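Chemist: One structure follows; several queries about it will come next.
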Amino acid sequence: MKIRNIFALCSVLFFFFYGYCFAETKISSNTQVCLGCHKLVTAGIVEDWKNSMHSKASPEDALKKNAKEKRISAQSVSPELKNSVVGCAECHIANNGEHKDTFEHNGFKVHIVVTPSDCAKCHPVENEQYSKNIMSHAYGNLVNNSLYKDFANTVNAIYTTEKKKNKIKPASELTEQDSCLYCHGTKIDVNGLNERETFMGSMKFPVLSGWPNAGVGRLNPDGTKGSCSACHTRHSFSIEMARKTDTCSTCHKGPDVPAYKVYSVSKHGNIYASKKEKWNFDSVPWKIGQDFNAPTCAVCHASEIEVNGKIVVKRTHQMNDRLPHRLFGVPYATAHPKSPDTSIAKNKAGLPLFSELTGEPVVQYLIDEKEQKERLAKMKSVCSSCHSSSFIEGHFTRLEESIRTTNEMTIEATKLLANAWKGGLASNKESLFDETIESFWTEQWLFYANSVRFASAMAGADYGVFDNGRYNLSRNIQRMKDWIKFLETKKK
Amino acid sequence: MKIRNIFALCSVLFFFFYGYCFAETKISSNTQVCLGCHKLVTAGIVEDWKNSMHSKASPEDALKKNAKEKRISAQSVSPELKNSVVGCAECHIANNGEHKDTFEHNGFKVHIVVTPSDCAKCHPVENEQYSKNIMSHAYGNLVNNSLYKDFANTVNAIYTTEKKKNKIKPASELTEQDSCLYCHGTKIDVNGLNERETFMGSMKFPVLSGWPNAGVGRLNPDGTKGSCSACHTRHSFSIEMARKTDTCSTCHKGPDVPAYKVYSVSKHGNIYASKKEKWNFDSVPWKIGQDFNAPTCAVCHASEIEVNGKIVVKRTHQMNDRLPHRLFGVPYATAHPKSPDTSIAKNKAGLPLFSELTGEPVVQYLIDEKEQKERLAKMKSVCSSCHSSSFIEGHFTRLEESIRTTNEMTIEATKLLANAWKGGLASNKESLFDETIESFWTEQWLFYANSVRFASAMAGADYGVFDNGRYNLSRNIQRMKDWIKFLETKKK
Amino acid sequence: MKIRNIFALCSVLFFFFYGYCFAETKISSNTQVCLGCHKLVTAGIVEDWKNSMHSKASPEDALKKNAKEKRISAQSVSPELKNSVVGCAECHIANNGEHKDTFEHNGFKVHIVVTPSDCAKCHPVENEQYSKNIMSHAYGNLVNNSLYKDFANTVNAIYTTEKKKNKIKPASELTEQDSCLYCHGTKIDVNGLNERETFMGSMKFPVLSGWPNAGVGRLNPDGTKGSCSACHTRHSFSIEMARKTDTCSTCHKGPDVPAYKVYSVSKHGNIYASKKEKWNFDSVPWKIGQDFNAPTCAVCHASEIEVNGKIVVKRTHQMNDRLPHRLFGVPYATAHPKSPDTSIAKNKAGLPLFSELTGEPVVQYLIDEKEQKERLAKMKSVCSSCHSSSFIEGHFTRLEESIRTTNEMTIEATKLLANAWKGGLASNKESLFDETIESFWTEQWLFYANSVRFASAMAGADYGVFDNGRYNLSRNIQRMKDWIKFLETKKK
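Keeping their order, the protein sequence lines are chains A, B and C.
Counting from 1, one number per residue, gives the positions in the first sequence under the working numbering.
Counting from 493, one number per residue, gives the positions in the second sequence under the working numbering.
Counting from 985, one number per residue, gives the positions in the third sequence under the working numbering.
Okay, structure coming up:
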């Protein structure tokens, strides 16, 4: 082979490579118009998009991939979306007839808030699954549940004393949006248009309340629920970010749901922290051993996982289909609710809960044992990619035990509180959450029982002991007893 | 082209590359003497320095760069610094006449503590800006403020009971240096010389009190304030480390100033955690979209940022020039103080605060609305690189609301405390911080109000709710009320 | 040189490279049988192993390395281990005569739990050193110490009220394994065999109690103590993971032992977080400046460190040989215990502690001043690789001071508690840990004194002030005093 042959070969390779990278990235003429201005005014997100899969392949290209590696779940897409990459226009103009936030913008009908329904044009299966995910109902599960709403009100209120009387001023909408609804999702309303100077001259834009927000249960201006960008962060929408645990930390790190913290100290979290730089977070399907060596949140709860060329679990955006129990956010852990809308629950006492205050589950709202077993089997199939049966059984037996024992410790706190109410030391009339002795009770389940269960579920060491764990469960009972004594002394 | 031609080309490229890397690294003869021993006795920092920009370019080289990419702000440097790279001698011998810690060391007059004034030989603009940064006054802002000094004393003291009477023994200087002053900066004094055996035989070294320390407001032996190595960690002094959020965590992670924690769970923090490996933290100016995809602390508060070839905000080491408000470390959030020396404040009650205890701001010490607007506009110009106006306005409207509401919640705690004092249940005579009911009050503003405001400012989710957030603000009021009842019962 | 020569050269290089990588990886026939199934049924750990050093070199190869770079400490290994790489069989079949968990498995006698004694076939020095590490006795140090056992019982118990009387139901074994023993190590017992369906048909496996567990003081079925995989995570067993701080976080992050958190905010931790991607965590010996630029946990406590070709400290798995003091887990910091078995301690009052409740150390169990000095000297020799003597002395003087002052603050809390017991406000009869006033005392030393000492030892900023630091030490004394007043009022 002569040098000139090498050169020729290089040229050929170059053109193949060039062709591979750029030949198919056809940007639609609409998106080109958007980019004309927005690469100047919001350059950062344009760069994010340029680095994203969306800017590199058209739905048509995506459809050609083999079943396993396919990243869109549509069988076909509408002709106008087919041949160009997914750019500004493809998301912000699609479905605009259904969007209350649609407005005239340089000759286009554009909407600001991109919703699961917009994404469903290419990702319908994920949209369908997500609608069964309890997260998609996170807004209503909070504000339509009288108990949780009472709690949120107490948390966000302004306390004042007027004429020696305690007053609680309800929180403003702005506060609610900045507090619980940051994660649960806001309700986005459109309140007309306002005019604003831009570098293109005066322009009109919709006035949105509840904006900005990327909460998992956001009520969107097209009537849909949720925000895909809660996990697939704008404007790269990458599978990589959704697979990394940091993304989940936004809503799952506080004392009410310390999943991220528990994971971080678990052996799985140790391995992730130590080795993740060498993993491939972008591969579909995601291959144990080749792409990664320890689970992230996504591995157990959402991703499609392959071992030795065999799919172990299918991708799910429902997530709870690998979860036999509901572990957090409730006074007592129970079987998982059947419906993602948890505001429908009602126990015998009339409270919107899946259990009585005595701990007994309200079974008609909950999945049955058979379904629990099937869900657990799915979860265990992920575990068995690395662990033996005796390891896995030992692990889950402990989780069962900690569900039982934390529920018992909540029963005790509940009895103490009920006695305090009965004895007139506190009152459940106005609210269940506005007195100190009630806050001890709330923390028993919302923080400590919760943390212990997470620690058992993920082998999270001190989050089951001293860091809001069993130590706190026990100490809290001790404190409740003393506090009640002090309240009694005062009353005499 | 023949093989020998390829070889020739390689050789030429090699020499170009070699020349580029090494031709200009002229180490001064003084520094060569230093390195002779110190590459043996403190090898680690010599390696750090070797990897640093300081070991690779002389100020002369730095001056030749085009305006945008220049990393020194001096228009010219003194001839003896000009032509050699910045090594040991260039920093530890410079200005030695002004350094009380200068000592004879192997024939050189050397000082141990390198100060902003030493760095200012090449970086005068940064030094000048930093002197307007509230951080440069952090030592005096603590010890010259009678209220904060009272607080620090109570925190660091030793509690004992002697003859059934409570005693508070003041903290030692060592404790103070190890506690508050670790971040605020110590006062470094020189107390003569002592003799020590070294591998070079017996040598004399200055005895320093307050050493080691790299606090932001350190009082240096040359009369200057601050420590550049607080952020530009010794001995690499890299822009990369100062731009990474981990560096800020040293002083900005505790419950009194949870900025790092809030950032970590924000979407910006999620993106940083997921993608930072692919970013360029060393580029000047720092280009949104090309070098990085989400802000770190430095992006919003300090760095010079470029979008599409246009500088969006100029580099600032004053930092508060993008900050309309003072959010933390104070009972009530107010407009930002005019002077970086905050110990000059005095309210009507004579307390060294920028607000009355009723929340009303003491306006003569604070920047006016016009200045607030200008600062906010600078901050927003960073935001607009990725976000639309409606997004940005929505975000900052919530911050305003949380400033208002957290201040209200502090007012309520203050009223409760004032009543306790008035009723003889506690005393503000000895200290405002040495009784339990007072600690509830302190935590209301120092921990919880603070955390809520940070969470609003950076979209930090649970730090505005359950993790020292609004939940804690409300619970704290409930507890204060009960505690007061218990104190009353006891008094009867 | 002609093209064909280049080709020839490439071929030669390829075969050298191939030879280097694969020629020596002789997998034993036993291991090949294991892999035959397990690459299918537990594919993840097989991949981990494939990426590990164990799969790449035989002990014979390892013995040939020069002394400094050797990764095994055996002078020779038994012939059957010599010539093949360390695979499944080499660990899970070795020593099977001594393993109670050995069982028949497809014609092999296999044991599940690999122990320090198994690892000692190649790593005897590490095993010997680790047996002197207090961690190897972590199980007995908890359950054989009546005081700590009392504490653990109180933490893990179920609290109930029966017939208006408080009852404390002891924790189940499952709870204990999931709580304290997760880190301390469980006792693994073999309870016969059970039969299970597998993809190979029905098979019998041992029934293990206390499994899974990788606690540092695990009681193994072969009578040994500990688990090497606590730090050298299965099945890569890498030196890299053991050197990264994340691994230590599993057991050293909670409020009782916040080492990881303290490190993270220290300057050392900042540098690690910012620069670790560029470090070499796999090199033996580990070279300051070349391989890494700031210490991780391992650097100071375990690793063999080289500077300028000279070994500064030798590798130790004893760890406490660089530690003059015992800083945590005890009411009072003292000199380090002589024996790793701390359950042997007894003070004058008969309590299993290394100090009287008044703080006075029980010296006969503790290393003497000479030994303390030698241990400190070792630690300081690591520091001196980067820091000057005055820096190091200043640092450790502060640690001494914080040991002294935190002990004083514990004395005060102890006095308050003793008075409460004396006055009948609480009782030390049943337990020292089951009343609120006692929990204040426990937290004084277990959380706050502890955290302050760690913060001093590693320059950890707010963990010595507001984050379980001196602020909490002081506040806790204030609260204890008020609580005692309330208990007194109640009693009247």
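In this text, a Cβ means the ideal position worked out from N, Cα and C, and glycines have one as well.
Note that the structure is a prediction, hence the values are computed from the model and not measured.
Put A/Ile477 into one of helix, strand or coil per three-state DSSP.
Modeler: Here residue 477 of chain A refers to the residue found at position 477 when the first sequence is read from its first residue. Helix at A/Ile477.
Chemist: Rounded to a whole number of angstroms, what is the C-alpha to C-alpha distance between B/Val525 and A/Pro255?
Modeler: As a working mapping, residue 525 of chain B is identified with position 33 in the second sequence. As a working mapping, residue 255 of chain A is identified with position 255 in the first sequence. In a straight line, the C-alpha of B/Val525 is about 56 Å away from that of A/Pro255.
Chemist: At a CB-CB cut-off below 8 Å, which residues of chain A make contact with C/Asn1080?
Modeler: Indexing the third sequence from 1 puts residue 1080 of chain C at position 96. Those within 8 Å of C/Asn1080 in chain A number zero; the least Cβ separation is about 17 Å.
Chemist: Go through the stretch 1011-1069 of chain C residue by residue and report every complete run of the alpha helix (DSSP H) that reaches 4 residues or more, in order.
Modeler: Those alpha helix (DSSP H) runs which fall completely within the stretch 1011-1069 of chain C and span 4+ residues are 1013-1025, 1027-1034, 1043-1048, 1063-1066.
Chemist: Sort B/Ser775, B/Lys767, B/Gly842 by Cα distance to B/Ala734 and report the nearest one.
Modeler: Stepping through the second sequence from its first residue, residue 734 of chain B is reached at position 242. The candidate whose alpha carbon is nearest that of B/Ala734 is B/Ser775.
Chemist: Would DSSP call B/Lys977 helix, strand or coil?
Modeler: Residue 977 of chain B sits at position 485 when you count from the first residue of the second sequence. B/Lys977: helix per DSSP, three-state reduction.
Chemist: Pull up the DSSP beta-bridge partners for B/Pro853, would you.
Modeler: In the second sequence, residue 853 of chain B corresponds to position 361, counting from 1. Per DSSP, B/Ser847.
Chemist: From the DSSP secondary-structure annotation, give me the bridge partner or partners of A/Met203.
Modeler: Along the first sequence, read from residue 1 onward, the residue named residue 203 of chain A stands at position 203. DSSP output for A/Met203 lists A/Arg196 as bridge partner(s).
Chemist: Distance cutoff 8 Å, beta carbons only. Does A/Gln177 sit that close to anything in chain B?
Modeler: Numbered from 1 along the first sequence, position 177 holds the residue referred to as residue 177 of chain A. So yes, A/Gln177 belongs to the interface.
Chemist: Quick test of your reading: A/Asn95 and A/Ser117, contact by CB under 8 Å. State the CB separation rounded to the nearest angstrom.
Modeler: The sequence position of residue 95 of chain A within the first sequence is 95, counting from 1. The sequence position of residue 117 of chain A within the first sequence is 117, counting from 1. Yes, they are in contact, since the Cβ atoms of A/Asn95 and A/Ser117 sit about 6 Å apart, within 8 Å.
Chemist: For B/Ser453, I'd like the list of residues in its chain whose CB is within less than 6 Å of its CB, leaving aside the five on either flank, ordered along the chain.
Modeler: As shown, chain B starts at 493 and ends at 984. That puts residue 453 of chain B outside it, with no answer to give.
Chemist: Using three-state DSSP, classify A/Ala294 as helix, strand or coil.
Modeler: In the first sequence, counting from the first residue as 1, residue 294 of chain A sits at position 294. A/Ala294: coil per DSSP, three-state reduction.
Chemist: Look at the alpha carbon of C/Gly1343 and the alpha carbon of B/Ile650, and state the distance between them as a whole number of angstroms.
Modeler: On the third sequence, residue 1343 of chain C is found 359 positions in, with the first residue counted as 1. On the second sequence, residue 650 of chain B is found 158 positions in, with the first residue counted as 1. Distance between the alpha carbons of C/Gly1343 and B/Ile650: 15 Å.
Chemist: Would the beta-carbon of B/Arg896 fall within 8 Å of that of A/Asp178?
Modeler: Numbered from its first residue, the second sequence carries residue 896 of chain B at position 404. Numbered from its first residue, the first sequence carries residue 178 of chain A at position 178. No, Cβ-Cβ distance for B/Arg896 and A/Asp178 is not below 8 Å.
Chemist: According to DSSP, is A/Ser146 helix, strand or coil?
Modeler: By 1-based counting over the first sequence, the position of residue 146 of chain A is 146. It is helical.
Chemist: Hey, how far is the Cα of A/Ser439 from the Cα of C/Gln1428?
Modeler: In the first sequence, residue 439 of chain A corresponds to position 439, counting from 1. In the third sequence, residue 1428 of chain C corresponds to position 444, counting from 1. The alpha-carbon atoms of A/Ser439 and C/Gln1428 are separated by roughly 24 Å.
Chemist: Tell me which residues share the same chain as C/Glu1044 and place their Cβ nearer than 7 Å to its Cβ, disregarding the 5 neighbours each side in the sequence.
Modeler: On the third sequence, residue 1044 of chain C is found 60 positions in, with the first residue counted as 1. Correct list, in chain order: Lys1066, Asn1067.
Chemist: Are there 16 or more other CB atoms within 10 angstroms of the CB of A/Val113, so buried, or fewer, so exposed?
Modeler: In the first sequence, residue 113 of chain A corresponds to position 113, counting from 1. Buried, by the Cβ-count rule.
Chemist: With a Cβ-Cβ cutoff of 8 Å, do C/Tyr1447 and C/Val1246 count as a contact?
Modeler: Locating residue 1447 of chain C in the third sequence gives position 463, counting from the first residue. Locating residue 1246 of chain C in the third sequence gives position 262, counting from the first residue. Yes, Cβ-Cβ distance for C/Tyr1447 and C/Val1246 is below 8 Å.
Chemist: Taking the C-alpha atoms as reference points, what is the distance between C/His1121 and C/Glu1179?
Modeler: Counting from one through the third sequence, the residue named residue 1121 of chain C turns up at place 137. Counting from one through the third sequence, the residue named residue 1179 of chain C turns up at place 195. Approximately 34 Å between the Cα atoms of the pair.
Chemist: Compare the C-beta of B/Ser638 against all C-beta atoms of chain C and say whether one is closer than 8 Å.
Modeler: In the second sequence, the residue the question calls residue 638 of chain B occupies position 146. B/Ser638 does not count as touching chain C.
Chemist: Using a Cβ cut-off of 9 Å, which residues of the stretch 564-576 of chain B contact any Cβ in chain A, in chain order?
Modeler: Those would be none; no residue qualifies.
Chemist: State the DSSP-derived secondary structure class of B/Cys502, mapped to helix, strand or coil.
Modeler: As a first step, residue 502 of chain B is located in the second sequence; it is residue number 10 there, counting from the start. Since pLDDT at B/Cys502 reaches only 43, below the 50 mark, its modelled position is unreliable, and the value read off the structure follows with that caveat. Of the three classes helix, strand and coil, the one that applies to B/Cys502 here is helix, per DSSP.
Chemist: Is any beta-carbon of chain A found at less than 8 Å from that of C/Ser1156?
Modeler: As a position in the third sequence, residue 1156 of chain C is number 172, starting the count at 1. Chain A, which has a Cβ nearer than 8 Å to the Cβ of C/Ser1156, makes this yes.
Chemist: Under 7 Å between beta-carbons, which chain C residues line up against B/Thr652? List them in chain order, please.
Modeler: Taking the first residue of the second sequence as position 1, residue 652 of chain B is located at position 160. In chain order: Glu1396.
Chemist: By the DSSP assignment, the alpha helix (DSSP H) with A/Asn127 in it spans what residues?
Modeler: Along the first sequence, read from residue 1 onward, the residue named residue 127 of chain A stands at position 127. Looking at the DSSP string, the run of the alpha helix (DSSP H) that includes A/Asn127 is 124-130.
Chemist: Hey, B/Cys875 and A/Ile45 are a contact pair by Cβ (cut 8 Å); roughly how many whole angstroms apart?
Modeler: Sequence index remark: in the second sequence, residue 875 of chain B carries index 383 (1-based). Sequence index remark: in the first sequence, residue 45 of chain A carries index 45 (1-based). Going by Cβ atoms, the distance from B/Cys875 to A/Ile45 rounds to 12 Å, so no, they are not a contact pair.
Chemist: With a threshold of 8 Å between beta-carbons, can B/Ser769 be considered close to chain A, or not?
Modeler: For the purposes of this step, residue 769 of chain B is taken as residue 277 along the second sequence, with counting starting at 1. Strictly speaking, residue 769 of chain B in this sequence is Glu, with Ser absent from that position. At least one chain A Cβ lies under 8 Å of B/Glu769.
Chemist: Could you check what DSSP says for A/Trp445 in three-state terms: helix, strand or coil?
Modeler: For this step, residue 445 of chain A is matched to residue 445 along the first sequence. Helix.
Chemist: Evaluate A/Asp222 with the Cβ neighbour count: other Cβ atoms within 10 Å of its Cβ, from every protein chain shown; 16 or more gives buried, anything less gives exposed.
Modeler: Taking the first residue of the first sequence as 1, we reach residue 222 of chain A at position 222. Burial call: buried.
Chemist: My understanding is that C/Glu1290 touches C/Lys1271, with C-beta atoms under 8 Å, so please give their C-beta distance in whole angstroms.
Modeler: What you label residue 1290 of chain C is simply residue 306 of the third sequence in a count that begins at 1. What you label residue 1271 of chain C is simply residue 287 of the third sequence in a count that begins at 1. Indeed, because the Cβ distance is near 5 Å, the residues count as touching under 8 Å.
Chemist: Distance check for B/Lys548 and B/Phe514, CA to CA, integer angstroms please.
Modeler: Residue mapping note: residue 514 of chain B aligns to position 22 of the second sequence, counting from 1. Residue mapping note: residue 548 of chain B aligns to position 56 of the second sequence, counting from 1. For B/Phe514, the predicted structure reports a pLDDT of 43, less than 50, and the residue's modelled location is therefore unreliable. A value from the coordinates is still provided. Rounded to the nearest angstrom, the two C-alpha atoms are 8 Å apart.
Chemist: Can you name, in chain order, every residue of its own chain whose Cβ lies under 6 Å from the Cβ of B/Met901, other than the five neighbours on each side?
Modeler: Position 409 of the second sequence holds residue 901 of chain B. Here the set comprises Leu965.
Chemist: If the cut is a Cβ gap below 7 Å, which residues of chain B does A/Leu40 touch?
Modeler: The residue labelled residue 40 of chain A in the question sits at position 40 within the first sequence. Near A/Leu40 (Cβ distances below 7 Å), the residues of chain B are Asn800.
Chemist: Taking DSSP as the reference, what is the three-state secondary structure of C/Ser1368?
Modeler: Translated into positions along the third sequence, residue 1368 of chain C becomes position 384. Here C/Ser1368 sits in coil by DSSP.
Chemist: When you compare the CB positions of A/Pro170 and A/Asn153, do they come within less than 8 Å of one another, or not?
Modeler: Along the first sequence, read from residue 1 onward, the residue named residue 170 of chain A stands at position 170. Along the first sequence, read from residue 1 onward, the residue named residue 153 of chain A stands at position 153. Cβ distance < 8 Å, so A/Pro170 and A/Asn153 count as in contact.
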